[in-house]
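Each remark here refers to the structure printed beneath this line.
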Amino acid sequence: MIRLLTQLLGHTRSTTPKLFSAALLLILTSNQPVSAASNDQPFAVLEASIPEMQQAMESGQMTSSELVEQYLIRIALYEERVNAVIAINPNALAEADRLDAERAAGQVRGPLHGIPVALKDNIHTTDMPTTGGALVFRDFVPPYEATLTTNLRDAGAIIIAKTVMTELANFLGSGMPGNYSAIGGYGLNPYDPRHDPRQGLDDGRPVMGLGGSSSGIGTAMSFWAANVGTETSGSILSPANANMLAAIKPTVGRISRWGIIPITADQDTAGPMARSVTDAAIMLGVLESMEPDPRDAATSRCEAPVNNDYTPYLQADGLRGARIGIPRAFYYDQAPVPGNDETQGGLNEEARAVMAAAIDVLRQQGAIIVDPANIPSVMDQDPARNLLASPPSSVLSYGMKRDFNAWLASLGDTAPVSTLTQLREWNLANEGRGAIPYGQARIDEADALDLLESLPAYQSDRARDLFVSAEHGIDEVMAELELDALLFPASSGAGIAARAGYPTVIVPFSRVANELNPPLPAGFNAEPRPFGVSFSGMACSEARLIELAYSFEQATRARIAPADFP
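Count the sequence shown with the numbering used here and you get residues 119 to 684, in order.
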């Protein structure tokens with residue numbers, strides 16, 4: 119029964135939204151025992167870590183097939199309340215059976231052998247559609263899979279599902295809610311899985327933000343062990359923060375982007391999202407190729423660790439003696455913008471208290487706190503050299519036209535459209551089917567660019583972005599103060615690290631009031647939203663950041679599972 123159901127559900131969720139969970143719920147009445155472990159000590163997947171799952175399979179307590187079945191049951195029970203899934207892999211159980219047979223024969227591929235994971239739906243898979251959330255790509259199966267998909271399969275991971283996402287990674291229309299797409303609908307935050315009731319905002323969007331454009335919903339819900347997101351500017355870190363997850367936004371080029379629907383190669387990267395730093399580190403080692411990918415020149419930027427293994431850096435005492443910088447200006451305190459009387463940034467009192475507590479933890483663990491460690495480009499009084507005074511950059515728009523068209527070309531004749539222009543035209547012709555309820559201003563702007571005529575402006579903008587974020591930003595302060603990392607509140611450092619292409623590791627830490635403007639109606643009490651801390655560093659410093667983040671995580675153990683989904 120369960121195998122037939124996964125085959126029936128191997129299409130995108132929007133095809134039959136009510137059937138999706140209703141059919142999966144039949145698993146619960148199947149004659150097949152789907153949740154019993156292989157001995158008298160049942161294993162439960164709720165909040166289970168990858169090492170715990172591996173230990174259970176190694177001891178015979180659990181099989182990979184049983185893991186998949188337990189996760190499918192959780193999806194069946196709770197999917198309609200949170201909307202985390204855009205497609206289920208119809209072959210997941212068959213893959214689990216094959217991997218169980220390999221284990222029984224003494225062949226274990228590595229730490230992800232038999233582990234169910236999920237991918238953002240802009241990452242190519244050839245056994246499930248890859249839609250980017252866009253209606254034009256509904257049921258589209260690309261002719262090749264992403265490099266990282268191959269890496270996961272070769273490591274024995276089971277890609278159980280594709281996650282919801284913000285359509286085209288939030289480079290479509292302005293004002294689109296995080297985790298909304300024409301294919302997937304509106305995702306809901308498991309820490310407050312209600313729709314926004316405010317007039318004018320009651321279109322189905324969540325009352326508690328989800329970040330974007332990747333989704334952390336399913337990992338927070340224990341629908342799978344971990345998932346892979348992508349980020350151009352904040353789209354791994356912000357959903358990880360919103361769903362109380364650990365995540366690694368790697369250096370651009372650490373993970374191949376081949377086979378991922380792009381915005382711009384200047385900033386795009388994939389990265390792991392998980393319930394612990396350990397699981398994220400294990401995932402990163404698999405996602406990163408052993409050798410540079412010839413189809414992505416940026417993959418020669420960083421050297422992989424020995425055996426692609428980041429777990430030796432999971433050191434509980436990793437903070438001892440570490441120099442951690444506190445970038446007060448803008449990220450903690452308001453900062454003036456040169457050239458006018460404006461100030462930007464700063465934390466409210468509740469968030470300020472949370473970060474003070476986090477800094478106390480660092481001190482208790484033996485870290486050396488360098489405070490302040492302000493970003494030089496934030497402090498520079500010359501507007502031409504100041505991060506906050508930066509004019510709008512054409513980098514994302516230019517990259518979208520250049521790289522999205524190149525991606526479409528790589529699909530050959532299989533793609534439903536062959537250019538960004540054709541996509542825009544298709545969307546306009548299909549507005550009545552729900553193609554672009556929030557418009558398509560961002561791709562309109564990108565497609566209006568002439569790549570040759572706009573090249574000098576793009577090159578100037580890209581040089582400025584790198585200068586204020588890297589050379590006169592993160593690099594300068596870290597070198598001058600001999601820092602191991604910068605500590606940012608929540609995902610607030612995502613923008614500067616994204617422009618530089620630099621890594622960040624985020625860790626769950628606390629929750630704060632979900633203050634909304636305009637306010638919620640009387641009697642509607644918002645739940646507190648998750649609030650993590652981020653460790654950022656210079657290019658290729660993932661190993662050290664993992665060490666620091668793991669030490670902080672072990673000292674705090676602050677992640678809390680969503681309360682309403684046992």
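Backbone N, C-alpha and C define an ideal beta-carbon position, used for all residues, glycine too.
On a predicted model such as this, the values are computed, not experimentally measured, just so you know.
Please identify the residue among the options whose C-alpha is closest to the C-alpha of residue i.
{"i": "Asn361", "options": "Tyr431, Val651, Ala657", "result": "Val651"}
{"i": "Pro412", "options": "Leu437, Arg375, Gly403", "result": "Arg375"}
{"i": "Gln172", "options": "Ile400, Pro247, Ala202, Asn209", "result": "Ile400"}
{"i": "Ile381", "options": "Pro229, Phe585, Trp525", "result": "Trp525"}
{"i": "Gly302", "options": "Leu319, Val254, Ala383, Pro315", "result": "Val254"}
{"i": "Met175", "options": "Gly232, Phe585, Val346, Ala673", "result": "Gly232"}
{"i": "Cys697", "options": "Pro684, Asp593, Pro234, Pro315", "result": "This structure does not reach residue 697, given that the chain is present from 119 up to 684, and the question cannot be answered."}
{"i": "Thr396", "options": "Glu170, Ala679, Gly352", "result": "Glu170"}
{"i": "Gly251", "options": "Ser331, Asp579, Ile373, Ile477", "result": "Ser331"}
{"i": "Ala476", "options": "Met283, Leu437, Phe448, Ile493", "result": "Leu437"}
{"i": "Ile373", "options": "Ala547, Trp544, Phe683, Ala415", "result": "Ala415"}
{"i": "Gly334", "options": "Ala471, Asp386, Met391, Gln540", "result": "Met391"}
{"i": "Ile493", "options": "Gly611, Ala223, Phe670", "result": "Gly611"}
{"i": "Gly464", "options": "Ala618, Pro607, Glu187", "result": "Pro607"}
{"i": "Val200", "options": "Arg312, Met294, Asn545, Leu286", "result": "Arg312"}
Rounded to a whole number of angstroms, what is the C-alpha to C-alpha distance between residue i and residue j?
{"i": "Val495", "j": "Gly655", "result": "Here residue 495 turns out to be Ser, not Val, going by the sequence shown. Looking at the two C-alpha atoms, the distance is approximately 16 Å."}
{"i": "Arg629", "j": "Pro261", "result": "43 Å"}
{"i": "Arg677", "j": "Arg192", "result": "20 Å"}
{"i": "Asn307", "j": "Arg647", "result": "9 Å"}
{"i": "Ala393", "j": "Asn269", "result": "Correcting the residue identity first, residue 393 is Arg in this sequence and not Ala. For Arg393 and Asn269, the distance between alpha carbons rounds to 21 Å."}
{"i": "Gln179", "j": "Phe161", "result": "7 Å"}
{"i": "Tyr620", "j": "Ala640", "result": "43 Å"}
{"i": "Asp498", "j": "Pro456", "result": "8 Å"}
{"i": "Ala527", "j": "Leu290", "result": "20 Å"}
{"i": "Gly305", "j": "Gly329", "result": "11 Å"}
{"i": "Ala364", "j": "Ala566", "result": "38 Å"}
{"i": "Tyr516", "j": "Gln558", "result": "16 Å"}
{"i": "Ala447", "j": "Gly347", "result": "30 Å"}
{"i": "Met473", "j": "Arg551", "result": "46 Å"}
{"i": "Ala661", "j": "Val235", "result": "23 Å"}
{"i": "Asp500", "j": "Tyr450", "result": "22 Å"}
{"i": "Ile614", "j": "Ser587", "result": "5 Å"}
{"i": "Pro684", "j": "Tyr196", "result": "10 Å"}
{"i": "Ala383", "j": "Thr248", "result": "19 Å"}
{"i": "Arg221", "j": "Arg675", "result": "32 Å"}
{"i": "Arg256", "j": "Val186", "result": "25 Å"}
{"i": "Phe642", "j": "Asn504", "result": "42 Å"}
{"i": "Gly228", "j": "Phe627", "result": "30 Å"}
{"i": "Phe670", "j": "Phe258", "result": "42 Å"}
{"i": "Asp459", "j": "Thr429", "result": "48 Å"}
{"i": "Gly389", "j": "Val370", "result": "10 Å"}
{"i": "Ala398", "j": "Glu571", "result": "42 Å"}
{"i": "Ala105", "j": "Thr243", "result": "For the chain, the structure presents residues 119 to 684; residue 105 sits outside this window and is missing."}
{"i": "Ser578", "j": "Pro510", "result": "12 Å"}
{"i": "Glu549", "j": "Leu514", "result": "25 Å"}
{"i": "Ala155", "j": "Ser177", "result": "Reliability of the predicted coordinates at Ala155 is poor, the pLDDT of 43 falling under 50, and no value is obtained from them."}
Measure the beta-carbon distance from residue i to residue j and round it to whole angstroms, keeping in mind my assumption that it falls under 8 Å.
{"i": "Trp342", "j": "Ala300", "result": "So it is not a contact: roughly 24 Å between Cβ atoms."}
{"i": "Ala469", "j": "Gln462", "result": "That pair is no contact at about 16 Å."}
{"i": "Glu60", "j": "Ile168", "result": "What is shown of the chain runs 119 to 684, which leaves residue 60 out entirely."}
{"i": "Asn426", "j": "Glu406", "result": "6 Å"}
{"i": "Ser351", "j": "Ala616", "result": "4 Å"}
{"i": "Ser356", "j": "Ser512", "result": "Their Cβ separation, rounded to whole angstroms, is 23 Å, which puts Ser356 and Ser512 out of contact at 8 Å."}
{"i": "Ser353", "j": "Asn288", "result": "7 Å"}
{"i": "Ile686", "j": "Thr281", "result": "Residue 686 is absent from the structure shown; the chain starts at 119 and stops at 684."}
{"i": "Ser292", "j": "Tyr556", "result": "7 Å"}
Enumerate in chain order the residues of its own chain whose CB-to-CB distance from residue i is below 7 Å, with the five nearest sequence positions on each side excluded.
{"i": "Glu645", "result": "Tyr309, Asp310, Met326, Asn632"}
{"i": "Ala491", "result": "Gly443, Ile444, Pro445, Val595, Leu599, Leu601, Leu604"}
{"i": "Ser340", "result": "Val163, Leu164, Glu165, Arg192"}
{"i": "Phe522", "result": "Pro380, Leu538"}
{"i": "Asp314", "result": "Asp320, Arg323, Pro324, Val325"}
{"i": "Pro636", "result": "Arg316"}
{"i": "Ala338", "result": "Pro308, Asn361, Met362, Leu363, Pro680"}
{"i": "Ala533", "result": "Leu526"}
Excluding sequence positions up to five away, which residues of its chain have a Cβ less than 6 Å from the Cβ of residue i?
{"i": "Phe653", "result": "Ala603, Val623, Leu663, Leu666, Ala667"}
{"i": "Asp489", "result": "Ile444"}
{"i": "Asp215", "result": "Ser183"}
Take residue i and list the residues in its own chain whose beta-carbon comes closer than 8 Å to its own, dropping the five residues that flank it on each side.
{"i": "Leu230", "result": "Ile168, Leu270, Ala273, Gly274, Ala275, Ile400, Met401, Val404"}
{"i": "Leu584", "result": "Arg617, Ala618"}
Within the segment 308-350, ranges of the alpha helix (DSSP H) (whole runs, at least 4 residues)
335-338
Where are the beta strand (DSSP E) runs, 3 residues long or more, that stay fully inside the segment 224-283, in chain order?
234-238, 276-281
Please give me, in chain order, every unbroken run of the alpha helix (DSSP H) with length at least 4 that falls completely inside the segment 505-557.
513-528, 538-547
Which ranges does the beta strand (DSSP E) cover as unbroken runs of at least 3 residues, wholly within the segment 354-412, from first to last along the chain?
364-367, 387-392
Which runs of the beta strand (DSSP E), 3 residues or longer, sit entirely within the segment 179-206?
203-206
Ignoring anything shorter than 4 residues or poking outside the segment 543-628, list the alpha helix (DSSP H) runs there in chain order.
559-565, 573-584, 593-599, 612-618
Whole alpha helix (DSSP H) elements within the segment 402-484, 4-residue minimum:
446-449, 467-482
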